[in-house]
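What follows is a set of notes on a single structure, which appears directly below.
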Amino acid sequence: MDTLPDKQEKQDTCSDVVIRDGDVMLPGTSDSSSSSAEDEYVEREKWGSKFEFILACVGFSVAYGNLMRFPYLCIRNGGGAFLIPFFLFMFLLGFPLYYLEVCLGQFSGSSPLFVWRLTPLLKGIGWLMIFISGIVSWYYNTIIAWVLYYLYNSFRTTLPWSTCNNEWNTIYCRPSDPDAVAALIKVSNATGNGSDVAAINATNENIIRNISSSKEFWQNNVLGMSKGIDQMGTVQIHLAVSMLGAWVLVFLCLIKGIKSVGKVVYVTALLPYVLLIVFFIRGITLPGSMDGIRFFLSTDFNRLKDAQVWLEAAVQVFYSLGPVWGGVITMSSYNKFSNNCLRDTIIACLADSLTSFFAGFVVFAIIGYMAHELRQPIEEVATAGPGLMFIAYPEAISRMPVPQLWAVLFFIMLITVGLDTQFGMFETLSSGIVDAFPNKLGKRKMLVTAMIACGMFLCSLPFCTHAGIYIYSLVDWYASAICMALGGLLELVAVGWYYGANRFSADMIMMLGKPAPLFLRLLWCVISPLVFLVVFIVILARYDEVHYHGYIYPDYAISIGNLLALVPVIPIPVCFMYEIIRTPGTLKERIKILMKPEAWRPNNRKLWQVYEDTERAVTSKLSIAYIKETLCGTTPEPDSPMDDIAWH
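Numbering (UniProt numbering), first residue to last: 1 to 648.
Below is the structure:
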């Protein structure tokens, strides 16, 4: 595919259109515009290079779910067979929606809160995205705080989760350190006085209970777990300090907006791949690693008959790529107007999918080693979510030579992965506020970022209590699954049907010099909305109550969770009714007015007048050939493929 290099001119597909430094120059246009337009127009920041945007997208999409959740879903849902529904949904749901959001953000140069001016009737989608980003960013940083605490403890002479002689350990603790295990065996083989017999009995009971030292460190030291969400206790200092450190990291990386993020992503987006390769090479040299990899690649096609497998594949695509969260639109809004959207989308989707697959090899090489060491079946060692990150992997690391080195590398990798995802969500919040008051806050974005970070830290303190893990699990369970499915469906309806896929394709001609591919418009209008609708219905039908390792949440907690799931959705009907009430005319006239764009125009001042002419042509249902003629001042050849694209 053709790309347009920076810092030089290149003719676009329209012979009279020149693209210079990302700006589109048209015949008869100049660098100046009307004074009224200048008053309204605020120049938006731009990425330092195309590569910065690609790295930001890859970093935003590749998150903890790729490294820890995807491999577990594979073994639970048929191994290699799970890849079939995953890649199918990536093509039918993830790719078209991701590309749509990149185009929306790049064309408008707006945050999610204002992008949906193209369909005023559904302005609530923007608020849905803001709420999802806010909620997920709020609890997501808890993971980074946990990782920071583990990183701090990784510099100790003896890893604290590898032994059983700590104040938080119980008599049922099984050490992870091979030397400590050998000491226990020596005790169990001892004979003689009563103290030895007591040690033998304690050891036997420990073996029966079989609680690993890494699990006790996680539950008793890191979390300080209470018996339920009712017993919150006090804020734990070590977690509060870690949480503060996590939010300070986010603030420092975003202190200058995309100018600072664009430089940070060179480290945070690339370093995880270097470390994944290092862990893979180390993992395959360990005994039992190949058994783990073979287990990961084992295929059970009969699992594809289960609807739950397909549902989990679709949900994993949502969580993995991160459309509907608002981050994709926000990051692409800082692109140059003529940036190659399709190329960047393909790179981001491929990187996300292949990273998930490769992470499976890394994870199961280590899990195979753990199963070999513990003499347990692999399926008993493999766990999902925090258990894999904070119990299984640290225990495996503690059994390696020079465990401190591997622990530091592992948790640095997790920090960079978490920060990348946090950038997109946090920037969605801050840019939404700044875009709402550009004249007042445009030059005070650092202050806005600092205030949001401080507010988020204070709101995150409940996660630092003794019931923090229960609160985290509650929020994580209810926060976004339903909202993402509904939001994706409404996005496609808004662009594909209300605004019009062909109309949006004309916008892309102005931006890229060529329309959206026909197969993408077919996905936007028909296939993807239908698939989203089915997924949304299935999610509602299979909606279950939250649980955490057998703990049953009280009714009031479940009610709070359900309310949390509804919060992002509420703005959609509220904004719908507000727009209907404030618009004059009959109900039919109001709806007709609100289905037309409101202040929707390209993120290029030189194109505003031409865009108005194009809009008149579109509303007159003229052909793309005429639009091309209007934009370029040239008449296409009679047999041009452009003429074959139908408008209605």
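Yeah, the Cβ is synthetic: ideal placement off N, Cα and C, and Gly gets one too.
Remember, predicted model here, so these are calculated numbers, not experimental data.
Give the DSSP-derived three-state secondary structure of residue i in the structure shown.
i: His547; result: strand
i: residue 656; result: Because the chain spans 1 through 648 in this model, residue 656 falls outside it and cannot be assessed.
i: Gly496; result: helix
i: Ser188; result: Only weak support is given to the placement of Ser188: the predicted model assigns it a pLDDT of 38, under 50, and the value that follows is read from those uncertain coordinates. Here Ser188 sits in helix by DSSP.
i: Thr299; result: strand
i: Phe504; result: helix
i: Asp39; result: The predicted model places Asp39 with a pLDDT of 45, which falls under 50 and marks its position as unreliable, so this point remains unresolved.
i: Ile255; result: coil
i: Gln316; result: helix
i: Thr163; result: coil
i: Val526; result: helix
i: Thr465; result: coil
i: Val574; result: helix
i: Ser559; result: helix
i: Met225; result: coil
i: Tyr273; result: helix
i: Gly442; result: coil
i: Lys606; result: helix
i: Trp600; result: coil
i: Arg542; result: coil
i: Phe337; result: coil
i: Gly288; result: coil
i: Ala56; result: helix
i: Ala307; result: helix
i: Thr449; result: helix
i: Ala246; result: helix
i: Met68; result: helix
i: Ala382; result: coil
i: Arg156; result: coil
i: Ser332; result: helix
i: Ala565; result: helix
i: Thr268; result: helix
i: Leu73; result: helix
Which residue from the options puts its Cα closest to that of residue i?
i: Phe423; options: Ile591, Ser61, Glu45 and Phe51; result: Ser61
i: Met90; options: Ser353, Val58 and Pro401; result: Ser353
i: Ser49; options: Lys336, Arg444 and Lys445; result: Lys336
i: Ala516; options: Cys103, Pro403 and Lys215; result: Cys103
i: Met68; options: Gly126, Ile143 and Phe51; result: Ile143
i: residue 658; options: Gly327, Lys592 and Glu545; result: Nothing in the structure corresponds to residue 658, since the chain is present only between 1 and 648.
i: Phe53; options: Thr345, Ala63, Asn165 and Arg282; result: Thr345
i: Phe426; options: Lys445, Asn77 and Val274; result: Lys445
i: residue 665; options: Tyr578, Gly468 and Leu533; result: Since the first residue shown for the chain is 1 and the last is 648, residue 665 is missing from the structure and cannot be characterised.
i: Asp476; options: Phe463, Gly488, Gly487 and Leu486; result: Phe463
i: Ile255; options: Ala81, Ser430 and His372; result: Ser430
i: Tyr543; options: Pro85, Leu311, Thr583 and Phe82; result: Leu311
i: Ile471; options: Lys514, Gly488 and Tyr551; result: Tyr551
i: Val274; options: Trp127, Ile412 and Asp300; result: Ile412
Which residues share a DSSP beta bridge with residue i?
i: Cys173; result: Ile211
i: Gly326; result: Looking at the DSSP assignment, Gly326 forms no beta bridge with any residue, so it has no partner.
i: Gly79; result: Thr299
i: Ile552; result: His547
Between residue i and residue j, which are expected to be in contact by the criterion C-beta below 8 Å, what is the C-beta distance as a whole number of angstroms?
i: Ser559; j: Ser333; result: With a Cβ gap of about 37 Å, Ser559 and Ser333 do not count as contacting.
i: Ile539; j: Ala481; result: 6 Å
i: Val531; j: Ala485; result: Their Cβ separation, rounded to whole angstroms, is 10 Å, which puts Val531 and Ala485 out of contact at 8 Å.
i: Ile397; j: Phe410; result: 6 Å
i: Phe251; j: Thr119; result: The Cβ separation is near 34 Å, so there is no contact.
i: Asn603; j: Gly109; result: 3 Å
i: Ala313; j: Phe86; result: 5 Å
i: Asp507; j: Phe70; result: No, Asp507 and Phe70 are not in contact; Cβ-Cβ is about 35 Å, not under 8 Å.
i: Pro96; j: Ser528; result: 5 Å
i: Gly283; j: Val362; result: 6 Å
Determine the extent of the alpha helix (DSSP H) in which residue i is found, giving its start and end residues.
i: Ser110; result: Run containing Ser110: none; DSSP gives neither H nor E here.
i: Tyr369; result: Cys341 to Leu374
i: Arg590; result: Leu587 to Leu594
i: Ser431; result: Pro403 to Ala436
i: Leu128; result: Gly124 to Asn153
i: Val62; result: No alpha helix (DSSP H) contains Val62, which DSSP labels as neither H nor E.
i: Pro394; result: Tyr393 to Ser398
Closest Cβ-Cβ distance between residue i and chain C: below 7 Å?
i: Ser559; result: In the structure shown, chain C does not exist; there is a single protein chain.
Considering only heavy atoms of the ligand PLP, does any lie closer than 6 Å to the CB of residue i?
i: Lys215; result: The ligand PLP is not among the ligands present in this structure, which contains no ligands whatsoever.
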